[in-house]
Every structure is written in structure tokens, then in C-alpha cells.
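Numbering (the numbering used here), first residue to last: 12 to 194. These notes are about the structure you will find just below.
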Amino acid sequence: MQISFYVLQNPQYGNTTSNSSPHGGLLDFVCKLTQTVLKKSELSLVIVDDNPERLALLDEQLWHFDATSFIPHSLIKDSLTTTPDVESTNETLSELTVENDVADLTAPVILTSQLPVGFDGVILNLAATPLAIPAPNSVSEGTVFPERVLEIIAPDETSKQQGRDKYQHYKSLGFELIYHPIK
């Protein structure tokens, strides 16, 4: 599996105001990359982000990004954002989560805060931490594995450090790492 790092070098991609959002430039790049993935691959794309505000803004932006094209997508809301009743069991919560996730995984692009179990397409990770995927040499035959992972590094110092940490993590697991500077 290949992990590609898109290192955004232009300040327009940072956390400066662009259009209506402090994430505007970054989200514009994510939308462009999403269009490219959909055009070049028949695989589904999951966009993982641990920032619920940015995920909601991306959901909105995908609807309005390009007047000449449509990016079909589905936002899977975190199923555990509300406190469960004391009488609810973990088994019931797991069933609800799996049922909701399966229903929402039919769109070509999925926006979520957590990687769906057993996903084998392309993953675009906007989260601050690396994805919890097994090392290539530790995967047994028949294990479902993502085809490709895309990591985006914004030009701000926090994102750069997170990118360095992700790079070291994936490198230590033995993945093929590709670097794409974006000006």
C-alpha cells in the first residue's frame, strides 16, 4: 500500500480566511483532490477528520465547490456524540453504529471522524494522528486493507509537525511513502 503526503506550501492553504471559512484554502485543495481521486479511480474514498467543524464545512463545500460537477458524498455523523441511557448496552450501540455506517457507505465519498472497519478503497486522512492500519508485513491473507492513503500537510507549524509524526509512524511500519510538494 502506498501513502502519499501532499505538502501544501502556499500560505493560501493555511488557516487563513478564504471565502467563508478559516479552512477555505485547505478545503478547496481537498475538494480538488477528491475530484481527481474520483476521476482516476473506481474505488470509494473515505475522508477521515477528527475536527467536526471542519468536517461539516467540507460537507457543505463538496455540495458547492464546482458549478460544473457534482461530488456525491455522505457525512457519517459520530454515533456516540450523545450520552447513551444507562440501560443501553455496548452490543446495542455497536449494532446501531454498524447499521448506520453500512447504510451510509454507499456513496462514492464518505466523510467521517473514524475509519470504517474493513474499508478497502482510498483514504484521505485530515486527522491530527496517523491512521490505525496494520503494517504491510503483519497482514494475513484475506485481510481487507486500504488501497491507498492520502495525507495532507498544511503550511502551518502544527500541521507540519503532525505530518512529520505521521511520516515517521508510517515509515516505521514499512509503508511505501510518496512526497508531493504543492505550491
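Yeah, the Cβ is synthetic: ideal placement off N, Cα and C, and Gly gets one too.
DSSP three-state label for residue i, please.
i, result
"V48", "helix"
"P147", "helix"
"V128", "coil"
"N30", "In this prediction, N30 scores a pLDDT of 46, lower than 50, which makes its location untrustworthy; the coordinate-derived value is nonetheless stated afterwards. In the structure shown, N30 sits in coil (DSSP, three-state: anything other than H, G, I, E or B)."
"V41", "helix"
"T100", "Annotation note: pLDDT 30 at T100 (below 50); position unreliable, coordinate value reported separately. T100 falls in the coil class under three-state DSSP."
Should residue i be labelled buried (16 or more other beta-carbon atoms within 10 Å of its own) or exposed?
i, result
"I189", "exposed"
"H75", "exposed"
"V155", "exposed"
"V150", "exposed"
Which first and last residues belong to the alpha helix (DSSP H) in which residue i is found?
i, result
"Q179", "E168 to L184"
"P22", "Note, P22: premise wrong, no alpha helix (DSSP H); not H, not E."
"L69", "P63 to H75"
Compare the beta carbon distance of residue i and residue j with 9 angstroms and say whether it is the shorter of the two.
i, j, result
"L142", "I58", "no"
"A139", "L184", "no"
"Y24", "H191", "no"
"L73", "F40", "no"
"E158", "L54", "yes"
"L85", "L122", "Going by the sequence as given, residue 85 is Ser instead of Leu. Cβ atoms of S85 and L122: closer than 9 angstroms."
"T45", "I82", "yes"
"D60", "L69", "yes"
"P119", "L49", "yes"
Taking only beta-carbon atoms, is residue i less than 9 angstroms away from chain C?
i, result
"P157", "In the structure shown, chain C cannot be found, because there is only a single protein chain."
Could you check whether the segment 163-172 touches the segment 121-134, counting it as contact only if at least three pairs of C-beta atoms, one from each stretch, sit closer than 8 angstroms? no
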